[in-house]
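Beneath this line is the structure, given in structure tokens, with notes to follow.
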Amino acid sequence: MEDNSKQPLLVHEEEDQVPDLISVPRYSFQRLSNLSFFSSFVADEDDIAPIESFGGFMSAFKEESGKLWYLAGPAIFSSVAQYALGAMTQTFAGHVGTLDLAAFSIENSVIAGLSLGVMLGMGSAVETLCGQAFGAGQLDMLGVYLQRSWIILLATAFVMMFLYIFALPFLLVIGQTPSISRTAGKFAIWMIPQLFAYALNFPTAKFLQAQSKILAMAVISAVALVLHILFSWLLMLKLGWGMAAGAAVLDASWWFIVIAQVIYIFSGTCGKAWPGFTLRSFQNIWGFVRLSLASAVMLCLETWYFMALVLFAGYLKNAEVAVAALSVCTNILGLTNTIAVGFNAAISVRVSNELGASHPRTAKFSVVVMVISVFLIALMSSVILLVFQDEYPSLFSDSPDVKEVVYELTPLLAFSIVVNSIQPALSGVAIGAGWQGLIAKVNILSYYAFGVPLGLVMGYKLDMGVKGIWYGMVAGTVVQTLVLFWIVYRTDWNKEASIAARRIKYWRGETEAAKAKDVEKVANQTEEVQ
37 MEDNSKQPLL VHEEEDQVPD LISVPRYSFQ RLSNLSFFSS FVADEDDIAP
87 IESFGGFMSA FKEESGKLWY LAGPAIFSSV AQYALGAMTQ TFAGHVGTLD
137 LAAFSIENSV IAGLSLGVML GMGSAVETLC GQAFGAGQLD MLGVYLQRSW
187 IILLATAFVM MFLYIFALPF LLVIGQTPSI SRTAGKFAIW MIPQLFAYAL
237 NFPTAKFLQA QSKILAMAVI SAVALVLHIL FSWLLMLKLG WGMAAGAAVL
287 DASWWFIVIA QVIYIFSGTC GKAWPGFTLR SFQNIWGFVR LSLASAVMLC
337 LETWYFMALV LFAGYLKNAE VAVAALSVCT NILGLTNTIA VGFNAAISVR
387 VSNELGASHP RTAKFSVVVM VISVFLIALM SSVILLVFQD EYPSLFSDSP
437 DVKEVVYELT PLLAFSIVVN SIQPALSGVA IGAGWQGLIA KVNILSYYAF
487 GVPLGLVMGY KLDMGVKGIW YGMVAGTVVQ TLVLFWIVYR TDWNKEASIA
537 ARRIKYWRGE TEAAKAKDVE KVANQTEEVQ
């Protein structure tokens with residue numbers, strides 16, 4: 037008999053978090069196809085049947101839309117409400133003064149934007165692991181993942197606190213005007229409590245999302261927003277306490293959300309998913325750090341991209357007007373993107389749950405439904421914006437110069453809404469499937485190797501100003517979105533479901549035991565064949 041004992045059975049190169057597969061005899065392949073560490077995969081019988089007609093497509097579309105909107109509706113509302121906390125503070129700042137608006141925009145986009153990208157990105161590691169573990173029925177691991185993420189993100193927040201403390205020299209070094217830098221640096225010191233709220237909020241939110249407990253998050257966010265608007269108006273404008281009061285209210289609003297969510301979890305509503313505080317959360321911390329960093333890099337590159345747009349505007353002539361006008365546009369863009377962020381959360385839950393439950397066809401179809409839905413909503417939002425382009429700038433500023441620049445930027449803003457709505461939703465697919473490392477590479481090339489240089493050339497070299505910078509950076513987003521489409525289109529969803537099963541075993545700590553068991557089976561079956 038020919039000796040094939042050294043022929044490897046490797047059909048997918050997994051991420052470095054999952055150990056290499058064992059080598060097995062080629063003639064053992066069929067008999068070993070059901071072993072846990074091999075990518076030979078059979079979908080669960082509850083997976084959606086292949087769709088072969090238009091009527092079948094519409095029926096399946098309606099059913100999957102119901103499941104997506106059950107998650108996306110509250111997630112969109114939560115996203116809108118939480119984004120509106122900073123947006124409302126920025127809106128009130130515009131009525132305090134142009135310098136206050138520009139400085140808060142720089143602090144919110146650059147300093148808080150940096151920390152938001154890091155915290156949201158690192159918290160997305162919980163989204164992948166909790167979602168797939170929940171789909172596989174491994175409920176006891178969700179609370180362990182949450183506690184690990186809390187530990188890592190609180191330590192990260194402590195390190196990032198120094199960026200807030202030294203925000204003034206940092207902004208001066210990167211070329212912001214002294215007046216904007218001084219005011220923004222003062223705001224940054226006031227916003228340090230928000231940084232630590234981010235560290236606890238994002239893992240907690242992903243933990244609840246994985247279990248589809250999004251309605252509770254929506255209620256908490258709604259209460260926080262109502263209180264935030266009331267106290268911001270009262271303290272900033274009515275009593276005239278200005279931006280010091282605005283920062284205090286914004287800090288308090290974020291901590292209200294965190295405390296309310298934690299109380300909800302501790303009350304027992306999550307069942308086995310919250311096992312209480314455990315020392316298991318300190319196990320495999322370094323492995324969790326690596327996964328969190330991969331997630332952070334992916335989302336930071338996306339979050340910082342449009343933060344850079346505001347930053348570059350600070351180098352233009354009449355920087356206060358340019359930054360203030362652009363901050364209004366990015367405020368609108370961010371507000372409309374909260375719909376896509378809601379779908380990001382929903383599709384991440386659907387994909388991770390379905391892959392964890394061995395339903396690859398359902399995961400794939402959910403992506404199709406999500407893309408169609410978010411495109412139609414973004415298109416409608418753009419049309420509404422164009423219809424009211426004469427009126428809406430007055431909501432954000434009293435300056436005629438700022439309102440004029442916003443009016444000129446509105447057509448570009450409308451196009452950006454469509455493109456930037458599809459991109460975050462597709463990123464949710466990446467998070468649900470655990471592709472953070474791959475998407476990070478795509479973001480580097482499309483955003484920073486293509487979009488940013490093109491924007492700088494058009495904005496400064498061709499003297500097109502804010503429009504030129506934005507044109508180039510939108511081009512980078514278009515490239516990134518097309519690449520994401522291609523990746524999703526070419527995905528082997530059976531293979532992704534198999535990878536999810538191995539990922540669940542690894543993070544549960546079953547890797548070595550499962551590998552040893554598989555090796556023993558291979559040895560026994562090899563002896564039988566011989």
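Numbering-wise, my numbering puts 448 at position 412 of the sequence shown, and it's gapless, one number per residue.
Positions of the beta carbon are idealized from the N, C-alpha and C atoms, including for glycine.
In this text, all values refer to a predicted model and were calculated from it rather than measured experimentally.
Cβ pair residue i, residue j closer than 9 angstroms
i    : j    : result
A537 : A108 : no
W506 : S452 : yes
F379 : P460 : yes
Y181 : L156 : no
S145 : S328 : no
I375 : S257 : no
W290 : I301 : no
L362 : A349 : yes
L113 : M272 : At residue 113 the sequence reads Phe, which differs from the Leu that was named. No, Cβ-Cβ distance for F113 and M272 is not below 9 angstroms.
G504 : Y351 : no
M196 : V154 : yes
R539 : Q297 : no
L415 : V454 : yes
T446 : Q425 : yes
G171 : E444 : no
F232 : S160 : no
M279 : F432 : no
A254 : A476 : no
T213 : D136 : no
M158 : T192 : yes
V359 : I216 : yes
Y483 : T513 : yes
Closest residue to residue i among the options (Cα-Cα distance)
i    : options                : result
A120 : A193, V259, L251, A332 : V259
M227 : G282, L104, M272, L422 : G282
G221 : A138, A309, S384       : A138
A288 : G473, A111, G122, N530 : G122
V419 : L449, V438, L481, A241 : L449
I383 : I293, V298, A246       : A246
A511 : L345, F379, I523, W322 : L345
F313 : M500, Q174, K242, L178 : L178
I188 : S115, I112, Q319, G102 : Q319
T517 : F411, S101, A533       : F411
Y428 : P239, N367, S388, G473 : N367
A111 : V524, I475, V519, N373 : N373
G149 : I523, Y234, G276       : Y234
F267 : A284, M158, V132, W322 : A284
C306 : A241, F194, V132       : A241
V333 : K98, V515, G473        : G473
K98  : S303, S409, Q230       : S409
A252 : L270, I299, G276, S215 : I299
W105 : S430, W277, K541, V407 : V407
D176 : K308, L481, S430, A533 : K308
I225 : I147, K249, L315, S417 : I147
L275 : A96, V132, Q230        : V132
M509 : W277, L481, E532       : L481
W269 : I321, F243, P229, G130 : G130
Anticipated Cβ contact below 8 angstroms, residue i with residue j, distance rounded
i    : j    : result
T125 : L286 : 5 angstroms
V357 : V441 : 6 angstroms
L236 : V325 : About 17 angstroms separates the two Cβ atoms, so there is no contact after all.
L143 : F206 : The amino acid at residue 143 is misidentified as Leu; the sequence shows Glu. Going by Cβ atoms, the distance from E143 to F206 rounds to 11 angstroms, so no, they are not a contact pair.
Q183 : S317 : 3 angstroms
V387 : A469 : 6 angstroms
S115 : V364 : Not confirmed; about 20 angstroms, so no contact.
>> Pairs of beta-carbons, one from the segment 327-344 and one from the segment 473-490, closer than 8 angstroms: are there three or more?
In response: yes
>> For the structure I just gave you, are there three or more beta carbon pairs, one from the segment 460-467 and one from the segment 403-415, closer than 8 angstroms?
In response: yes
> On the three-pair Cβ rule with 8 angstroms, is the segment 261-279 touching the segment 192-208?
Replying inline: no
>> With three or more C-beta pairs closer than 8 angstroms as the rule, is the segment 388-396 touching the segment 85-95?
In response: no
>> If we require 4 or more residues per run, which alpha helix (DSSP H) segments fall completely within the segment 412-497?
In response: 436-469, 472-479, 488-492
> Is the segment 493-500 in contact with the segment 526-541, if contact means three or more CB pairs nearer than 8 angstroms?
Replying inline: no
> Enumerated in chain order, which unbroken segments of the alpha helix (DSSP H) with a length of 4 residues or greater are wholly contained in the segment 266-335?
Replying inline: 278-300
> For the segment 191-245, which segments carrying the alpha helix (DSSP H) assignment without a break, of at least 4 residues, lie completely within its bounds, in sequence order?
Replying inline: 203-209, 214-226
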